[in-house]
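Numbering (full-length UniProt numbering), first residue to last: 1 to 155. Down below is the structure, laid out as structure tokens.
Structure follows, in structure tokens:
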């Protein structure tokens, strides 16, 4: 990795981490339930990590912050892949980092829905998390330029 790629990865990681932290805080700041879904998904994802490695106990806040930063690094990796696939080269630099973060939460949503379907068989949570996941992946595709939304007449 050359210096430019390292700088791009670091910027994407910072943007992705900030977007993930914003999505987490959105659930506490907005009392509109559909906007609380990403917060819930991030918490559930951390709970699964806790189940695998043991309870965070008194270090919950510190380990949750590390979890968000870790997801930000994964989001930066996704942003790198999206950068390779992007059709548009004139995108704002922050968009790909944000797209990576939103893609991570969308994937968590779909995986959580699949887990509910396989374990519990309840249909409503599967539909909610599946729809949320597809919407988040659509937003990620739009942010990265992979999906285009044409409004109005094009010339």
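Note that CB positions come from ideal geometry on N, CA and C, so glycine has one too. Remember, predicted model here, so these are calculated numbers, not experimental data.
{"Asked": "Determine the burial state of residue 61: buried for a count of at least 16 other Cβ atoms within 10 Å of its Cβ, exposed for fewer.", "Found": "exposed"}
{"Asked": "At 4 residues or longer, and completely inside the segment 18-85: list those alpha helix (DSSP H) runs for me, N to C.", "Found": "33-53 and 60-85"}
{"Asked": "Can you confirm whether the segment 8-23 touches the segment 95-106 when touching is taken to mean that 3 or more C-beta pairs between the two stretches lie within less than 8 Å?", "Found": "yes"}
{"Asked": "Any idea what DSSP makes of residue 92, helix, strand or coil?", "Found": "coil"}
{"Asked": "Would you tell me roughly how many angstroms separate the C-alpha atoms of residue 105 and residue 55, rounded to the nearest one?", "Found": "22 Å"}
{"Asked": "Can you list, in chain order, the residues of its chain whose CB lies under 7 Å from that of residue 45, leaving out five sequence neighbours each side?", "Found": "108"}
{"Asked": "Do you know offhand how far residue 73's Cα is from residue 126's?", "Found": "27 Å"}
{"Asked": "Looking only at its chain, what residues have a beta carbon closer than 7 Å to the beta carbon of residue 76, apart from the 5 residues adjacent to it on each side?", "Found": "9, 12, 13, 16, 97 and 100"}
{"Asked": "Residue 65 to residue 114, Cα distance in whole Å?", "Found": "26 Å"}
{"Asked": "Residue 53: buried (16+ other C-beta within 10 angstroms of its C-beta) or exposed?", "Found": "exposed"}
{"Asked": "Excluding five sequence neighbours on each side, which residues of the same chain lie with their C-beta closer than 6 Å to the C-beta of residue 129?", "Found": "109, 112 and 113"}
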